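Numbering (UniProt numbering), first residue to last: 1 to 244.
We treat Cβ as the ideally placed atom computed from N, Cα and C, and that holds for glycine.
All values reported here derive from a predicted model rather than from experimental measurement.
One structure is given here, and the rest of the page talks about it.
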Amino acid sequence: MSTLSGKVALVTGGTRGIGLATVRALAEAGATVVLTGRDESAAKEAAESVDGQVSGLALDVTEPKAVASLVRGVAKEHGQLDIAVANAGIMEGGLLGMIRAEDVDRTLATNVAGTLHTVQAAARAMMRKKTGSIVVLASVVGEYGSAGQTVYAASKAAVANIAKSAAKELGRSGIRVNAVAPGVIETALTESLTDEVRTSNTERTPLGRLGRPEEVAAAIRFLAGDDASFITGQVLGIDGGLVL
Ligand code: NDP
Numbered sequence: 001m002s003t004l005s006g007k008v009a010l011v012t013g014g015t016r017g018i019g020l021a022t023v024r025a026l027a028e029a030g031a032t033v034v035l036t037g038r039d040e041s042a043a044k045e046a047a048e049s050v051d052g053q054v055s056g057l058a059l060d061v062t063e064p065k066a067v068a069s070l071v072r073g074v075a076k077e078h079g080q081l082d083i084a085v086a087n088a089g090i091m092e093g094g095l096l097g098m099i100r101a102e103d104v105d106r107t108l109a110t111n112v113a114g115t116l117h118t119v120q121a122a123a124r125a126m127m128r129k130k131t132g133s134i135v136v137l138a139s140v141v142g143e144y145g146s147a148g149q150t151v152y153a154a155s156k157a158a159v160a161n162i163a164k165s166a167a168k169e170l171g172r173s174g175i176r177v178n179a180v181a182p183g184v185i186e187t188a189l190t191e192s193l194t195d196e197v198r199t200s201n202t203e204r205t206p207l208g209r210l211g212r213p214e215e216v217a218a219a220i221r222f223l224a225g226d227d228a229s230f231i232t233g234q235v236l237g238i239d240g241g242l243v244l
């Protein structure tokens, strides 16, 4: 595993779940990590729960000016930004006939626009050194669709495309952009899934179980570091074989 010592990383939505596991993995590999969450005290508490150089700041990724200013501030304070993980996301299910317009807006504002704001701000900060690695959180449902999750699945398809398009645009600036596409991972986000959905996913998964946040974090750490130096524009499935 390549060391991340001397590198500065930002993880949005780092207060719990996959984000917090990613903060742990990056800090364990030696990176200085700034995590964010909407609530300042929750962000600080999460940062304090991790060993290493970790701090927590408040950020709502749906606010472009706040994202730009936070990323500029992190790069200024630490002298650079090497890694950005656009992890913040929400999942609001609902059959097509039941989806409310405000749920559509909130999901797209958080998952799509929030990821775009983060990638844009991170790329600006990385341009100066002409190097950097950005990882965004797609999902298996973004590629294969999911009944009852049309808005969420559409938002994650967009996120995967953000990785591909940004990779094409930013490659010549030395910035890599990749996505991970997790299957069902045991976090607060998936707590609301019915037993039927969980059982069906487990049965369809060749590895015979749901995933753990640490398993997604390990893949993100790989993509963030120099071991992945010739990998960009990829969408890496972390799903126990669910989509096979
Ligand atoms: P959690 O619900 O456990 O965590 C979500 C994180 O996002 C929290 O830290 C939350 O912080 C933050 N967040 C939500 N909205 C905003 C916002 N507007 N601005 C800033 N931060 C926000 O989810 P997971 O860890 O499960 O998911 C993380 C990512 O992985 C998401 O993008 C999700 O779509 C994706 N994913 C998850 C899968 C799973 O099975 N769990 C599968 C595929 C993809 P706070 O509430 O403190 O503000």
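- Query: Which stretch, first to last residue, makes up the beta strand (DSSP E) that contains residue 237?
  - Reply: 235–238
- Query: Leaving out five residues before and five after residue 188 in sequence, what residues of the same chain have Cβ atoms less than 8 Å from its Cβ?
  - Reply: 16 and 17
- Regarding residue 184 and ligand 1, is the C-beta to nearest heavy atom distance less than 7 Å? yes
- Task: With residue 161 as the anchor, note down where its alpha helix (DSSP H) starts and where it stops.
- Result: 150–170
- When the Cα of residue 246 is compared with those of 93, 243, 174 and 41, which residue comes out closest? Residue 246 falls outside the range modelled here, since the chain spans only 1 to 244, and no answer is possible.
- Item | DSSP three-state assignment for residue 176, whether helix, strand or coil | strand
- Measuring alpha carbon to alpha carbon, tell me which of 113, 65, 178 and 4 ends up nearest residue 85. 178
- How many angstroms separate the CA atom of residue 175 from the CA atom of residue 234? 13 Å
- Message: Please return the same chain residues whose Cβ sits closer than 6 Å to the Cβ of residue 214, not counting the five positions on each side in sequence.
- Response: 21
- Name the DSSP beta bridge partners of residue 32, please? 8
- Message: Closer than 7 Å to a non-hydrogen atom of ligand 1 - does that hold for the CB of residue 177?
- Response: no
- Cβ of residue 61 versus every heavy atom of ligand 1: is any distance shorter than 7 Å? yes
- Closest by C-alpha distance to residue 223, when choosing among 202, 80 and 133: 133
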